Amino acid sequence: MKKWVLLVFALFMILKVNAQASRGITVVVAPPPGASITMDSYIWDILFANDGVTTYQNDNQGTMTIRSSDRKNFRVDFSSQNLGSLKQGTDYYVPYYIKATRITGGNIGLVGTPAIVAGYVQLTSVQSMEFNKKTPKEGIQFYIGIKIDPISGEFYESGNYTDTLTITFVGL
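The sequence shown finishes on residue 166 if you use the numbering used here, and the numbering steps up by one all the way, no holes.
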């Protein structure tokens, strides 16, 4: 009887240790508190004139906030599901361009002047901004601008065009 009670007690302790270990793993693999990229809006509805003349440009289409938490060296990557084009169905594409304009002043640790900060770029490949300094607790902010050029003297096919712009935080 004593052996059975001891066995039950030993199994209980093993299960208790395992339960605590699994909770510990969850905490360890969780991202550092506050390390994130957030936007003030995750869907942009844009009305484009489609008159063959008018460019759509909004330098402040959205506001991006970056918080690096304990990461001193990190990168922010921008990519497009349709390689920098808005897409309708399978045949119609409207190229667009993205720009990141710094709002936060002072030394934010931005390395150099990435193309996406220097001017509007089409996301035919990943565009990156690299940082070598932790952000303050409230983060650093950039306006995300979008620009759509008309095809001179022509019209785009009418309809709804979409793309998915992905912005990723990468610790280095």
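Yeah, the Cβ is synthetic: ideal placement off N, Cα and C, and Gly gets one too.
Please read these numbers as outputs of a predicted model, since none were measured by experiment.
Measuring alpha carbon to alpha carbon, tell me which of the options ends up nearest residue i.
i: S35; options: T49, T59, Y50; result: T59
i: I40; options: M123, S62, I161, N54; result: N54
i: F72; options: W38, I134, V115; result: V115
i: D157; options: L117, N52, I31, T57; result: L117
i: I145; options: T48, N52, S30; result: T48
i: M123; options: Y90, S79, T95, K131; result: T95
i: I161; options: S74, G103, K66; result: S74
i: V111; options: I138, K131, G133, E132; result: I138
i: N76; options: G133, S62, S119; result: S119
i: R61; options: F163, G133, L159; result: G133
Within the same chain, show all residues whose beta-carbon is closer than 7 Å to that of residue i, passing over the 5 residues directly before and after it, in chain order.
i: G147; result: G46
i: V105; result: E124, F125, N126
i: N52; result: G139, I140
For residue i, is the classification buried or exposed, using 16 other Cβ atoms within 10 angstroms of its Cβ as the cut-off for buried?
i: A43; result: exposed
i: V88; result: buried
i: V70; result: buried
i: G99; result: exposed
How many whole angstroms separate the CB atoms of residue i and residue j, which I take to be in contact at a CB cut-off of 8 Å?
i: I97; j: F136; result: 6 Å
i: K128; j: N101; result: Not confirmed; about 12 Å, so no contact.
Quick one: Cα of residue i to Cα of residue j, how far?
i: D64; j: K141; result: 34 Å
i: I92; j: I37; result: 15 Å
i: A109; j: G83; result: 30 Å
i: G165; j: S30; result: 11 Å
i: T107; j: G113; result: 10 Å
i: K66; j: L159; result: 25 Å
i: K131; j: G103; result: 15 Å
Quick one: what's got a C-beta closer than 8 Å to residue i's C-beta in the same chain, skipping five residues either side?
i: M86; result: Here residue 86 is Tyr; the residue named in the question, Met, does not match the sequence. The residues are Y150, E151, G153, Y155.
i: G56; result: M33, D34, S35, W38, Y137, I138
i: Y90; result: G78, S79, L80, Q116, I140, K141, I142, D157
So with Cβ pairs under 9 Å, would you call residue i a contact of chain C?
i: G139; result: Chain labels in this structure do not include chain C; a single protein chain is all it has.
With a CB to CB cut of under 6 Å and the five nearest residues on each side skipped, what residues in its chain are close to residue i?
i: Y50; result: F42, I142
i: G18; result: With a pLDDT of only 27 at G18, under 50, the local geometry of the prediction cannot be trusted, and no value is derived from it.
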